[in-house]
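Asks: Residue numbers (the working numbering): 2 to 313.
For each residue, glycine too, the CB sits at the ideal point set by N, CA and C.
Here it is: the structure, laid out below.
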């Protein structure tokens, strides 16, 4: 099929690679403009742009698809379909209807659960036992279109957003190929979403990552996993801002929320509102991630010290 591909972050790249390997014709790649980053704040191309340039595909990076000339450019491509994966720009109605078979989105949840920008993080925060990929026919709503294919995967107690995202990126690539084959064969079977069952996955705000030690241990554990790799769950102690990248639950711990109850091999036991949390991999602001044992060599925290609670 003649394909326009729209995507930006590393999550999108496996789908583009899969389309190429399956023999589909990539006529145009859309990705967000290069953004400044790194120590030198130089413009950094997206993962999708780098992959597209590797294959020599035409790349366009409009700030908006509503800009003058964009619709004409897409019309000229005369694509059979547009595949959209974490692109980051809104597709106006005029663009949605341009390709012969419309626009398909690879979405990282089991729609209608977790429509929106941060479905993986929200699923982990909510304690969901599973998530998955939905291939959706895009319409004017926010992830409201008919679903052509879904494939679930479990979320384990040790999964982070990073580990789930990696699995879903590969799964999404496989699922889009399956759907395109069904379209070519005229065998698609789309089903509408039940709006009454919809939940919204709002964009992550950094302020959400601050740990409230009055929360129960399970919720703090989910927070740590959901905000790994971004923005990183954090708290403060002795004027130190500390990110927590790995933690486990200690259900029988008792103490005042935020209080260090013990220093044990491999961790720092901190009381929560119900039970406790063992901090295993931590990071001081501006420093490297370290196992708790190594962190303590330079920052000798001790029993009785207390992390700040939000709103203290």
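Looking only at DSSP bridge pairs, what is residue 132 linked to?
Replies: DSSP, once it has assigned bridges, lists 154 as partnering residue 132.
Asks: Taking residue 148 and residue 191 to be in contact with their CB atoms under 8 Å, please state how far apart those CB atoms are, rounded to whole angstroms.
Replies: Yes, residue 148 and residue 191 are in contact; Cβ-Cβ is about 7 Å, under 8 Å.
Asks: Just grab the DSSP bridge partners of residue 238 for me.
Replies: DSSP output for residue 238 lists 241 as bridge partner(s).
Asks: Which value, in whole angstroms, describes the spacing of the CA atoms of residue 313 and residue 184?
Replies: Its pLDDT being 48, under 50, residue 313 is placed unreliably in this model, and the coordinates cannot settle the point.
Asks: Is it buried or exposed, residue 85, if we count other Cβ atoms within 10 angstroms and call 16 or more buried?
Replies: The residue is buried, with at least 16 neighbouring Cβ atoms inside 10 Å.
Asks: Residue 62: which of 242, 7, 115, 299 sits nearest, CA to CA?
Replies: The shortest Cα separation from residue 62 among 242, 7, 115, 299 belongs to 7.
Asks: What's the call for residue 14, buried or exposed, on a 16-neighbour Cβ count within 10 Å?
Replies: So residue 14 ends up on the buried side.
Asks: Given 8 Å as the limit, is there contact between the region 225-245 and the region 170-178, that is, 3 or more CB pairs closer than that?
Replies: Too few Cβ pairs lie closer than 8 Å, so no.
Asks: In chain order, what residues of the same chain have a beta carbon less than 7 Å from the beta carbon of residue 135, not counting five sequence neighbours either side?
Replies: 108, 110, 111, 112, 148, 151.
Asks: Cα separation between residue 244 and residue 12?
Replies: Whole-angstrom Cα-Cα distance: 24 Å.
Asks: Only counting the same chain, and skipping five residues up and downstream in sequence, which positions put a Cβ closer than 8 Å to that of residue 169?
Replies: These residues qualify, in order along the chain: 12, 109, 121, 132, 133, 134, 154.
Asks: Thinking residue 250 and residue 100 are a contact (beta carbons under 8 Å), I'd like their distance in whole angstroms, please.
Replies: About 48 Å separates the two Cβ atoms, so there is no contact after all.
Asks: If we require 3 or more residues per run, which beta strand (DSSP E) segments fall completely within the region 158-185?
Replies: As far as the region 158-185 is concerned, it has no whole beta strand (DSSP E) run of at least 3 residues.
Asks: Should residue 8 be listed as close to the ligand NAD, given that the test is whether its C-beta is under 6 Å from any heavy atom?
Replies: In terms of ligand content, the structure shown is empty, and the ligand NAD therefore cannot be addressed.
Asks: Using 10 angstroms around the beta-carbon of residue 162, count the other beta-carbons present and answer buried if the total reaches 16, otherwise exposed.
Replies: Classification for residue 162: buried.
Asks: Would you say residue 28 and residue 78 are within 7 Å of each other, going by their C-beta atoms?
Replies: It is a contact, given that the beta carbons lie within the stated cut-off.
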